[in-house]
Each structure stands twice: as C-alpha cells, then as structure tokens.
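Participant:
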Amino acid sequence: MNINNEIVSVKCVDFTFDGQGLCKSKNNRTIFVPGLLINEEAMVEILYRKKDYDIGKIKELTLKSNYRINPRCKCATSCGGCSFQNLDYQQELIYKKNVAIKTLNNIAGLNIIDTKIHGMADPYYYRNKIQVPFGKDKQRRLVYGFYKFKSHDIVPINECVIQDKVHVKILSTIKELMKIYQIEPYNEDKRIGTLRHCLIRVGKVSKEVMVTLVVTNNKFKNKNKFSKELTKRCEEITTLILNINDRKTNVILGEKEEILFGKGYIEDTLLNTRFRISSKSFYQVNHNQCEVLYSLAFQLANLKKDDVILDAYSGIGTIGLTSARFCKKVVGFEVVSDAIKDAKLNAKINDIRNAYYYNKDANDFEFKEKFDVVFVDPPRKGLDEKFINILLSQKPKKIIYISCDVGTLSRDLKILKCSYNIKDIQFVDMFPRTYHIETVCSLELI
Ligand SMILES: C[S@@+](CC[C@H](N)C(=O)[O-])C[C@H]1O[C@@H](n2cnc3c(N)ncnc32)[C@H](O)[C@@H]1O
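Next comes the structure, spelled out in structure tokens:
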C-alpha cells in the first residue's frame, strides 16, 4: 500500500517497553510513535507499514500532556539514546517502575504491588563512558555519533546531555585532528579506512580520562604526532590507547593494544575503595547510582563477619572488594581476562587479603566451597543455564541478583523461585532519560 504522506490522527494510550508512544488511530490500528506521551493526541505521518502495526512520526501535537517538558538536547529524538527527555523525570521513574513490575509479575509469576525506585537528584551528565563510531555521511563529511535505531547510519552528535561534558570536547578534537593528519574513518562495507570507534572513560572521582582509539591496522599515519597533539589540546586525557581491530565484526574492541600516552588504565573510587580500570574491563557507567546500587545490595545481603561470598560475573571486582571488609572471604569469577587482572590488582592496592579472583566462564565454574551469599551481576542475557543449575544444587543461603534487564531477570527468577523466596525487589535508575533500569533482588533459600 502506498503510504506516502499518509497522515492520521492518533491518541497515545501507553508506552512500549522501549519508551515509544503506543498509539491508536480512530479505526483502532496500532501505531508506534517515538516522542508521543501517554494521553497525548497528534497528527502523525506514517513512515512504515507492517501487517499488524505502523510506525509514525509526529507532524502536529494536538493535545499536550501536562508532563511534557522541553528536551535539553537537540538530537534528543534522532540519536535513539534517550526515550524520555521530553517527559518530567518523576513521571519517567513512575513509568519505568510500573513496566518493570508488570514484566516481573507476568514472566516470573510474582505478585508485586509496589516497590521503591531510586532516582537521581540531577539526571543529566551522569555517563562516565561513551563509545562512538566514526564514518562519513551522505555528503561524504566526516561524522561521529550514535547508530540510528536498527541501522548502521551514524546520527552525528554535537552535544549529549547524559554524557560527561569532557566526552564531546575530546570527540570534536579527534575529528579536527583526523582532518589535519588525514586519518580516514573506517568504511565497514568496503573495509577501508583506519579509525573505527573511539571509547572514552572518565573516573568521576579521580578525574582521570582514558581514550581508546579503535583502528583497523597499526599503520596509523602520524600516530605519535596525533597522540601528542590530542593530549596537548585535551589536557584532561591521562591515558591514550590504540586498540587494533582488523576483523569484520560488530564487536568493538580487538585483542591487541598499544599504549600511546600515560599508564594504559585509569583509576576511580567507589564506596571508599580504589579501582584500576583497563579498556576492556566493564565498569558501571553511572558512578553515583552505582554507589546507591551496591549499598542497597549490601543492605539486602546483610553480610556477617563469617560469611563466605561469591562475586559472580565480577568485572574488576567492584562488588566483592567493596564488601570484603564485612565478611570472611570473597571468591570472584569473570570471563574477561583483563578484568580479572584488574580485580587481582584492585585487591592488592586496597590491601584486601581475603579476596580471590578467577578468570572463568560461568558455564565452567564449579564451587569448591560453600557460599553463604552469592552476588550475581550478569550481562543483559541473564544467568547462564549451567550456572543456575550449579546454584540450585549448591544452595547458597542468599542470592543477591543485580540485573540490567528485567526480562531475563524475570526468566531466571521463575526458575530460582522453586528453591528461593524472593524477599525484596527494588529498582535503581542507573540510566536516566533512557528506558533502561537496574534491578536488585534478594532471594533466600526456602
Ligand atoms: C553487568 S557486568 C557486571 C560487572 C561487575 N559486577 C560490576 O558491577 O562492575 C557483567 C560482567 O559479566 C562478565 N561476563 C559475561 N558473560 C560471562 C560469563 N559467561 N562468565 C563469566 N563472566 C561473564 C562480563 O565480562 C562483565 O564484566
């Protein structure tokens, strides 16, 4: 059907899980409209037609919500990073909490009526990490930014109100220097060009800044001059790393690295514990909310001096090492070897002698000892099946499950609840203005 210029009148009745307006037209057809808020009405242009629904774009807002606010950023609707910049923050929190509760009740079969969500006092400029691709736009101009939803087209960003302010300064300087030193961005279709991605990470407490340039090969023309000029123009940078990724892959980082400037890692402090973070290691993106998250996890764990704890999916050991002083022994494991190196060094620099970290995959990890409390903090895909079975057979007294994906958390809880009582579930808004949310759940052996 020709949908060119088709305009329909819609009412927004709900949000989708990822924060788009779920709308109905007069003839009750479902239309997803990014940026439309619940109870708003609008004239909408149909962009795509699918069998059961359409995707539309607001042409004219005809009934405005009292909770609508002006987005702070010009690319709030185009870059695809934020879903809720046009919504009052308190309403965003209520909405995200309700969606998460609904998911847990529906998938895990729980019966949560209400619980707490811990929001931020200032929900902007919180992200300590950015990773952006470099490329060319249709006019062959050099750009960097975020990938447009479900595509590899880059939406250029000149500002970002959820990122640390230093990120945008460094990225625009890299772009200027690429022109001066004739560094071509990588073209993934033709597999030519040099610079693929840039990653920047800031220690919110230490103020140290790590920049990782991901390049296709190590023949980076003028790399030393480039490095000298970049670190001169951006004095905030404390270390600059060249990461070589020659593969045809969506995985951002390659194996090989070369330190161009500084010590090759940054440090930061979380809950009075110092952490060394290297470029391939995971580190939570919202420092202040991470402290809220861990404090809540420890409160729910109620650790005792003689507890032996497992820090599963440990990253650089942040959960285990911040709790090591309150228990007898910590064992941790993680699949990324650089993160485990960091975790071992982090134990040393904090003079923690009761923590032991292993480079292991969750599917291969066998418990040698009996754990009183197990902290699990897996990636979005949730717990590995084999690991759930190990937990069910070893029966630790308590499990504290930290999750960044309420869908996979619900799937795992449905299994775990056969042997565990779910004592408490709370949410921490680690990612304000986006539809993502972090959940902490405490389980006690039945
Ligand atoms: C959400 S992060 C949590 C890290 C850490 N707990 C923190 O808060 O900083 C998940 C971690 O699980 C690791 N991971 C992913 N799959 C794994 C697996 N199969 N076995 C062990 N670790 C894995 C990732 O490398 C990542 O460091």
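Just remember that this note's numbering sits 783 ahead of the position in the sequence shown, which is counted from 1. Glycine included, C-beta positions come from ideal geometry on N, C-alpha and C. Keep in mind it's a predicted model, so treat the numbers as computed, not measured.
Check whether the Cβ of G1098 sits closer than 6 Å to any heavy atom of ligand 1, and report yes or no.
Facilitator: yes
Participant: Compare the Cα-Cα distances from N1005 to each of I1024, K948, Q965 and N970 and report the closest residue.
Facilitator: Q965
Participant: Within this structure, are the beta carbons of K842 and M826 separated by less than 7 Å?
Facilitator: yes
Participant: Which partner residues of F800 appear in the DSSP bridge assignment?
Facilitator: The partner list for F800 (beta bridge, DSSP) is empty, contrary to what the question assumes.
Participant: Within 8 Å, do at least three Cβ pairs link the region 917 to 931 to the region 856 to 867?
Facilitator: yes
Participant: Any idea if Y909 is buried or exposed, counting beta-carbon neighbours within 10 angstroms, 16 or more meaning buried?
Facilitator: buried
Participant: Quick one: grab the DSSP three-state call for G901.
Facilitator: Per the sequence presented here, residue 901 reads as His, with Gly not at that position. In this structure, H901 counts as strand in the three-state DSSP scheme.
Participant: Heavy atom of ligand 3 less than 6 Å from the Cβ of F1065, yes or no?
Facilitator: Although ligand 3 was asked about, the structure shown includes only ligand 1 as ligands.
Participant: Is the region 1210 to 1224 touching the region 878 to 889 in the sense that three or more CB pairs, one from each, lie closer than 8 Å?
Facilitator: Touching, per the Cβ criterion.
Participant: Are there any heavy atoms of ligand 1 lying less than 6 Å away from the beta-carbon of E1038, as far as the coordinates show?
Facilitator: No, ligand 1 has no heavy atom inside 6 Å of this Cβ.
Participant: Using only alpha-carbon positions, find the residue among K809, I814 and E789 that is nearest to F798.
Facilitator: I814
Participant: Could you give the residue range of the alpha helix (DSSP H) that holds I1027?
Facilitator: First-last for I1027: I1020 to I1027, but that is the beta strand (DSSP E), not the alpha helix (DSSP H).
Participant: Does the region 991 to 1001 touch the region 1024 to 1036, meaning 3 or more C-beta pairs lie closer than 8 Å?
Facilitator: yes
Participant: Confirm, please, whether the CB-CB distance from E824 to T845 is below 7 Å.
Facilitator: Taking 7 Å as the cut-off, the Cβ atoms of T845 and E824 count as close.
Participant: Go ahead and label L1104 buried or exposed: buried means 16 or more other beta carbons lie within 10 angstroms of its beta carbon, across all protein chains shown.
Facilitator: buried
Participant: For E1019, which residues in the same chain have their Cβ closer than 6 Å to its Cβ, ignoring the five residues on either side in sequence?
Facilitator: V949 and V992
Participant: Which residues in the same chain as K847 place their Cβ atom closer than 7 Å to its Cβ, once the five residues preceding and following it in sequence are excluded?
Facilitator: E823
Participant: May I ask you to verify whether the region 906 to 921 touches the region 977 to 984, counting CB pairs closer than 8 Å and requiring at least 3?
Facilitator: Cβ pair count under 8 Å is three or more, so yes.
Participant: Go to S1186, then tell me how far its beta strand (DSSP E) extends in each direction, as first and last residue.
Facilitator: K1181 to S1186
Participant: Tell me, which residues are paired with G918 by DSSP?
Facilitator: V926
Participant: Is there a Cβ of chain C sitting closer than 7 Å to that of Y930, yes or no?
Facilitator: Although the question refers to chain C, the structure presented lacks it and comprises just one protein chain.
Participant: Please report the residue range of the alpha helix (DSSP H) in which R812 lies.
Facilitator: Premise fails: R812 is in no alpha helix (DSSP H) and is neither H nor E.
Participant: Return the first residue and the last residue of the beta strand (DSSP E) that N911 is part of.
Facilitator: N911 -> no beta strand (DSSP E), and no H or E assigned at all.
Participant: Determine the closest residue to I769 out of G1100, D1167 and K987, with distance taken between C-alpha atoms.
Facilitator: What the structure shows of the chain is the stretch from 784 to 1229, and residue 769 is not part of that stretch, so it cannot be assessed.
Participant: Compute the beta-carbon to beta-carbon distance between P906 and Y850, rounded to the nearest angstrom, for a pair I have assumed lies under 8 Å.
Facilitator: So it is not a contact: roughly 15 Å between Cβ atoms.
Participant: Grab me the residues of K899's own chain with a C-beta within less than 6 Å of its C-beta, minus the 5 sequence neighbours each way, in chain order.
Facilitator: Q1209
Participant: Is any non-hydrogen atom of ligand 1 found closer than 6 Å to the C-beta of N1145, if you look at the structure I gave you?
Facilitator: Note on identity: in this sequence residue 1145 is Ala, with Asn being the wrong assignment. Because some heavy atom of ligand 1 lies under 6 Å away, the Cβ of A1145 counts as near it: yes.
Participant: Between C795 and L830, which are expected to be in contact by the criterion C-beta below 8 Å, what is the C-beta distance as a whole number of angstroms?
Facilitator: In fact, because the Cβ distance is near 16 Å, the residues do not count as touching under 8 Å.
Participant: Within 6 Å: the Cβ of P1179 and any heavy atom of ligand 1?
Facilitator: no
Participant: Considering only the alpha carbon of each residue, which of A1084, I821 and I790 lies closest to K809?
Facilitator: I790
Participant: Whose C-alpha, out of L954, R974, A904 and D835, is nearest the C-alpha of R984?
Facilitator: L954
Participant: Alpha carbon to alpha carbon, what distance is there between A1145 and S989?
Facilitator: Our two residues, S989 and A1145, have alpha carbons roughly 32 Å apart in a direct line.
Participant: Give the secondary structure of H950 by DSSP, where H, G and I count as helix, E and B as strand, and everything else as coil.
Facilitator: H950 falls in the helix class under three-state DSSP.
Participant: Sorted by chain position, which residues of the same chain lie with C-beta nearer than 8 Å to G839's C-beta, five sequence neighbours on each side aside?
Facilitator: V791, V793, C806, I814, F815, V816, V827, E828, I829 and L830
Participant: Report the three-state DSSP secondary structure of E1074 (helix, strand or coil).
Facilitator: helix
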